[in-house]
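Chains as they are written, first to last, in the numbering used here: chain G, 271 to 417; chain Z, 271 to 417. Glycine is no exception: its CB is placed at the ideal position from the N, C-alpha and C atoms.
Number of protein chains: 2
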Amino acid sequence: MELYTPEYFMNEALKQAKTAFEEGEIPVGAVMVCRNRVIARAYNQTEKLTDVTAHAEILAITSASDSLGAKYLTECELYVTLEPCVMCAGASFWAQLGGIHFAASDPKRGYGRMNENLLHPKTKVSRGLMETEAKELLDAFFRKLRK
Amino acid sequence: MELYTPEYFMNEALKQAKTAFEEGEIPVGAVMVCRNRVIARAYNQTEKLTDVTAHAEILAITSASDSLGAKYLTECELYVTLEPCVMCAGASFWAQLGGIHFAASDPKRGYGRMNENLLHPKTKVSRGLMETEAKELLDAFFRKLRK
């Protein structure tokens, strides 16, 4: 049995998103995987830190670079529960991320709505893994917010 | 005599860029101005922090939000010595920046090369203020690097 599957990593990202949910943050979680090992975990903390840049992806990139002592994350793959925004896509470009796997799409704020590819040419992308779970968490958050 | 002119603020950003230069960082500096007062100063620290997200603009936004206790910087204007990249444009979108003034253009990595406007619709932009000084500093840095 292979433990460290993409599903395993995305589920770890989803756990981070659930922590965000519990703390009243928009529930987006991320983990950075390097050579089949999780080297960073993060969730959206824009409210807690009063900082629009504190997206899960930015925090995961910063934390992964700190862990590896390297600016470039060419051998790392980011698992994130929501399609990255333009800011996070730009950050992943600079980090030269090896790969991005995202669960739910974000037609309104995702980087994919841009005509140009904002990612680094070396960054491989996959989407849709555990999309239902990620989306349900986001929907539950916004339903709660509107009450 | 008006002390707090756009030239004054851009010169403060340029001082930050010079500090970056002295520390071996790509010399980009920024200040955040709110109601005619500098509330944050920052320079590029990607090398020192081993973090691709540590651009002057990101650090200035984070610092300004910390100073004001507010995520949104609608009454703030960012003075930065180089045209922001996609990541920083995306961050300024989330912060709903009132304005961005940049000195030198960045045809290769600036946000302006994208067909879409990546900035918030409320963000006013001016460019070219003290461009020569900002560009000279960058050119001097890359000349030194190539030696």
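- At a C-beta separation below 8 Å, Val322 (chain G) has these neighbours in chain Z: Ile331, Ser335, Lys341, Tyr342, Ala361, Trp364 and Ala365.
- Going by C-alpha positions, Glu277 (chain G) is about 7 Å away from Met400 (chain G).
- From the beta-carbon of Met280 (chain G), no residue of chain Z is found nearer than 8 Å; the closest lies around 23 Å away.
- A Cβ-Cβ distance of about 6 Å is found for the pair Cys358 (chain Z) and Ile328 (chain Z), placing them in contact under the 8 Å criterion.
- Bridge partners of Tyr349 (chain Z) according to DSSP: Z:Val301 and Z:His371.
- The beta carbon of Ala324 (chain Z) lies closer than 6 Å to those of Gln315 and Thr316 in the same chain, with the five residues before and after it left out.
- When CB distances to chain Z are screened at a threshold of 8 Å, the residues of the region 374–390 of chain G falling below it are Met384, Asn385, Glu386 and Leu388, in chain order.
- Here the alpha carbon of Leu273 (chain Z) sits roughly 16 Å from the alpha carbon of Val301 (chain Z).
- Not a single CB atom of chain G sits nearer than 8 Å to the CB of Ile370 (chain Z).
- Within chain Z, the residues placing a beta-carbon under 9 Å from that of Ile328 (chain G) are Thr323, Ile328, Met357 and Ala361, ordered along the chain.
- Distances from the alpha-carbon of Lys392 (chain Z) to those of Z:Phe291, Z:Asn281, Z:Ala330 and Z:Gln366 put Z:Gln366 closest.
- In the three-state DSSP reduction, Ile328 (chain Z) falls in the helix class (H, G or I).
- Taking 8 Å as the cut-off, the Cβ atoms of Gly368 (chain Z) and Glu345 (chain Z) count as close.
- Ala334 (chain Z) carries a helical assignment under DSSP once its states are collapsed to helix, strand and coil.
- In summary, the residues of the region 298–321 of chain G whose CB is separated from some CB of chain Z by less than 9 Å are Thr316, Glu317, Leu319, Thr320 and Asp321, in the order they occur in the chain.
- The region 347–362 of chain Z and the region 394–411 of chain Z touch, with no fewer than 3 CB-CB distances between them shorter than 8 Å.
- Secondary structure at Val322 (chain G): coil, using DSSP grouped into helix, strand and coil.
- Secondary structure of Lys285 (chain G) (DSSP, three-state): helix.
- Pro297 (chain Z) places its beta carbon less than 8 Å from that of Ala287 (chain Z).
- DSSP, reduced to helix, strand and coil, places Arg416 (chain Z) within a helical segment of the structure shown.
- Within the same chain, Gly299, Thr351, Ala373, Met400, Glu403, Ala404 and Leu407 come within 8 Å of Leu284 (chain G) by CB-CB distance, once the 5 residues on both sides are set aside.
- For Ala312 (chain Z), the enclosing beta strand (DSSP E) begins and ends at Arg307 to Tyr313.
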